[in-house]
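If you want our numbering, it's the position in the sequence shown, counting the first as 1, plus 686.
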Amino acid sequence: MAMSGTAGGERQPEGTRTVDGARGTGPIDGAPNRAPDDVPDDVLIVGAGPTGLALACDLARRGVRARVIERAGALFPGSRGKGVQPRTMEVLEDLGVIDAVLAAGGPAPTVLNWRDGAPDGESRMFGEPEESESVPYPMPWLLPQWRTQEILFARLGELGGDVEFGAALDGLEQDGDGVRALLADGRTLRARYAVAADGGRSTVRRALGVAMTGETVDPNPIMVADVRLRPGALDRDHWHAFPPAGPGAGFLSLCPLPHLADFQLVAQFTDGAEPEVSAEGVRKVVAARSHLDAGDVTEVRWVSDFRPRAAMAARFRSGRVFLAGDAAHVHSPAGGQGLNTSIQDAYNLGWKLGAVLRLGAPAELLDSYEEERMPVAAAMLGLSTRIHRGEARRGAATRQLDLGYRGGSSCTETRAGLAEDALHAGDRAPDGSPGGVRLFDVFRGPHWTLLAVGTDAALPDPVPGVLRVHRVPAYAPYGTGVFLVRPDGYVSSAATTSPPLPSWFPTGG
687 MAMSGTAGGE
697 RQPEGTRTVD
707 GARGTGPIDG
717 APNRAPDDVP
727 DDVLIVGAGP
737 TGLALACDLA
747 RRGVRARVIE
757 RAGALFPGSR
767 GKGVQPRTME
777 VLEDLGVIDA
787 VLAAGGPAPT
797 VLNWRDGAPD
807 GESRMFGEPE
817 ESESVPYPMP
827 WLLPQWRTQE
837 ILFARLGELG
847 GDVEFGAALD
857 GLEQDGDGVR
867 ALLADGRTLR
877 ARYAVAADGG
887 RSTVRRALGV
897 AMTGETVDPN
907 PIMVADVRLR
917 PGALDRDHWH
927 AFPPAGPGAG
937 FLSLCPLPHL
947 ADFQLVAQFT
957 DGAEPEVSAE
967 GVRKVVAARS
977 HLDAGDVTEV
987 RWVSDFRPRA
997 AMAARFRSGR
1007 VFLAGDAAHV
1017 HSPAGGQGLN
1027 TSIQDAYNLG
1037 WKLGAVLRLG
1047 APAELLDSYE
1057 EERMPVAAAM
1067 LGLSTRIHRG
1077 EARRGAATRQ
1087 LDLGYRGGSS
1097 CTETRAGLAE
1107 DALHAGDRAP
1117 DGSPGGVRLF
1127 DVFRGPHWTL
1137 LAVGTDAALP
1147 DPVPGVLRVH
1157 RVPAYAPYGT
1167 GVFLVRPDGY
1177 VSSAATTSPP
1187 LPSWFPTGG
């Protein structure tokens, strides 16, 4: 049975089959940034799913030497986590891949409901939010998970990194100086820190003895597959939804994947029925639950099954090892939060590891990873579960734009009497173009930004590669003040005058 989450470089789960048209990407030639096995790396990343690849990209642009190992022989081949939420789109822009993401994906199509072989009305999967200059990507973007991974993999290669495929972890040890990873091929790798991005059945998490607790959201299994249909069998302008078709048969949906011939099939099984995880099983489901014939399915490229589950690790850090993505939390796919929460784990951790390893920040900064990400993961687990059970709808919360870290140890708010809906330290720094310069262009990159909005307060000099200083006229989403924006786009501190910089910041001189 495949795990329910959508991110992390987990091994091919039980119940997963790559069928007629295997896809996957192998090693980057040259291994340009890989240290010899006897030279310690800065960070060892276990798993080359979206989490591990996003983290590797972020560390590479910070000059942090990271080694990525992946048990499988190639990237994960399925479409599984296909919904990229607005906040994750912003992360992908900062990592330098937004053009590829926009070119490869598309908006979610209108749902066409079917009954008794005939169309039965249309509906929308997502409501339309109000347009705002502060939100560049207001709607989720449809992109199959395998394509997201290919894009991040290519970006990692551009940054000088690579992935060691077929490198299976057997065990992990750590002491005060670093970690030792024991591989199945007999090698031992060393690093100062390690990150478990190896999925819901994480070998690293088990080696650490970290408990994973939660609940089964729905005991009924779900089949997911990437299929191709006879031309004209279904139009590609709609997300096709078919109601339950009898005992043991729950819903069926077929969603066209952008710029591909593929549809993603999702089928629920009820009343104790079990999916037949094979090309023949997929064809039987389509024939039994829709007006299509089994022969209308011309190709089954990938198929898996899972039981929706919500679970979270007891902690996200154990000494020098961090848990991220599905290794830390697994979600029901409802609401599309798994992959998105996972990439944002990586984005939160990357700048902190970079600050400790390259800028001299105290190691205690790394404690804020668990402090900040555990509440977010718990909130998204709850939201996904409620959506799956029909107790909540997809809306603003699923877009993850309002999530933040108010009150956290690395966010300082010095202004008194702020309204609840005002921008606070810990909030996402909004986009916009006050003064004619786009703020996300100013923020983009591994640096911090000191942003003065509608004030002539004195500001310190910029520090090349570390701190950018920018001044703009008053802008409603910010009000007025001076905001120190972290490398991950959240406000670290806010004040009426220039807030103090972290004591470990390098000086401009």
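In this text, a Cβ means the ideal position worked out from N, Cα and C, and glycines have one as well.
Buried or exposed for residue i, going by 16 or more other Cβ atoms inside 10 Å?
| i | result |
| --- | --- |
| residue 1041 | buried |
| residue 932 | exposed |
| residue 843 | buried |
| residue 904 | buried |
| residue 1102 | exposed |
| residue 756 | buried |
| residue 1083 | Note that residue 1083 has pLDDT 49, beneath the 50 cutoff, so the model's placement of it is unreliable and the number below is only indicative. Flag for residue 1083 reads buried. |
| residue 785 | exposed |
| residue 1066 | buried |
| residue 1182 | exposed |
| residue 945 | exposed |
| residue 830 | buried |
| residue 870 | exposed |
| residue 957 | exposed |
| residue 1027 | buried |
| residue 807 | exposed |
| residue 763 | buried |
| residue 1046 | exposed |
| residue 725 | exposed |
| residue 1099 | buried |
| residue 1064 | exposed |
How close, in whole Å, do the beta carbons of residue i and residue j come, if the pair is a contact with beta carbons under 8 angstroms?
| i | j | result |
| --- | --- | --- |
| residue 669 | residue 986 | This structure leaves residue 669 out entirely; the chain is present only between 687 and 1195. |
| residue 1193 | residue 1029 | Their Cβ separation, rounded to whole angstroms, is 33 angstroms, which puts residue 1193 and residue 1029 out of contact at 8 angstroms. |
| residue 856 | residue 868 | 5 angstroms |
| residue 733 | residue 885 | 6 angstroms |
| residue 1154 | residue 780 | Wrong, their Cβ atoms sit about 13 angstroms apart, outside the cutoff. |
| residue 750 | residue 1039 | 6 angstroms |
| residue 800 | residue 927 | 7 angstroms |
| residue 1191 | residue 1128 | That pair is no contact at about 18 angstroms. |
| residue 893 | residue 858 | 4 angstroms |
Are residue i and residue j close, meaning C-beta to C-beta below 7 angstroms?
| i | j | result |
| --- | --- | --- |
| residue 1094 | residue 1058 | yes |
| residue 1120 | residue 820 | no |
| residue 943 | residue 954 | no |
| residue 748 | residue 1044 | yes |
| residue 1013 | residue 882 | yes |
| residue 770 | residue 827 | yes |
| residue 1132 | residue 1173 | yes |
| residue 880 | residue 1009 | no |
| residue 782 | residue 841 | yes |
| residue 988 | residue 912 | yes |
| residue 877 | residue 727 | yes |
| residue 898 | residue 980 | no |
| residue 833 | residue 790 | yes |
| residue 746 | residue 847 | yes |
| residue 1145 | residue 1184 | yes |
| residue 767 | residue 1069 | no |
| residue 963 | residue 972 | no |
| residue 900 | residue 759 | no |
| residue 761 | residue 835 | yes |
| residue 925 | residue 805 | no |
| residue 1091 | residue 1118 | no |
Determine the direct distance from the alpha carbon of residue j to that of residue i, and round the result to whole angstroms.
| i | j | result |
| --- | --- | --- |
| residue 810 | residue 824 | 15 angstroms |
| residue 1171 | residue 948 | 41 angstroms |
| residue 765 | residue 1186 | 45 angstroms |
| residue 994 | residue 1105 | 39 angstroms |
| residue 960 | residue 737 | 30 angstroms |
| residue 814 | residue 976 | 29 angstroms |
| residue 906 | residue 935 | 10 angstroms |
| residue 1096 | residue 798 | 47 angstroms |
| residue 1036 | residue 1054 | 12 angstroms |
| residue 923 | residue 1149 | 50 angstroms |
| residue 939 | residue 1011 | 26 angstroms |
| residue 1163 | residue 1123 | 15 angstroms |
| residue 1052 | residue 1034 | 10 angstroms |
| residue 909 | residue 991 | 4 angstroms |
| residue 1107 | residue 837 | 36 angstroms |
| residue 650 | residue 1048 | Limits of the chain in this structure are 687 at one end and 1195 at the other, which puts residue 650 out of reach. |
| residue 1062 | residue 812 | 22 angstroms |
| residue 688 | residue 1016 | Residue confidence for residue 688 is low, a pLDDT of 32 falling below 50, so the modelled location carries little weight; the figure read from the coordinates is stated next. Their backbone Cα atoms lie some 11 angstroms apart in a straight line. |
| residue 1168 | residue 1159 | 12 angstroms |
Exercise. Quick one: any contact between the segment 862-881 and the segment 996-1011, if contact means 3 or more CB pairs under 8 angstroms?
Worked result: Contact between the segment 862-881 and the segment 996-1011 is present, because at least three Cβ pairs lie under 8 angstroms.
Problem set entry | At least three beta-carbon pairs within less than 8 angstroms, the segment 730-749 to the segment 1136-1148 | With contact defined as three or more Cβ pairs closer than 8 angstroms, the segment 730-749 and the segment 1136-1148 are not in contact.
Exercise. Do three or more CB pairs link the segment 1108-1115 to the segment 1173-1181 at distances below 8 angstroms?
Worked result: The way I'd put it, the segment 1108-1115 does touch the segment 1173-1181; three or more beta-carbon pairs between them come closer than 8 angstroms.
Exercise. On the three-pair Cβ rule with 8 angstroms, is the segment 873-889 touching the segment 909-927?
Worked result: Because the criterion of three Cβ pairs below 8 angstroms is not met, the segment 873-889 and the segment 909-927 do not touch.
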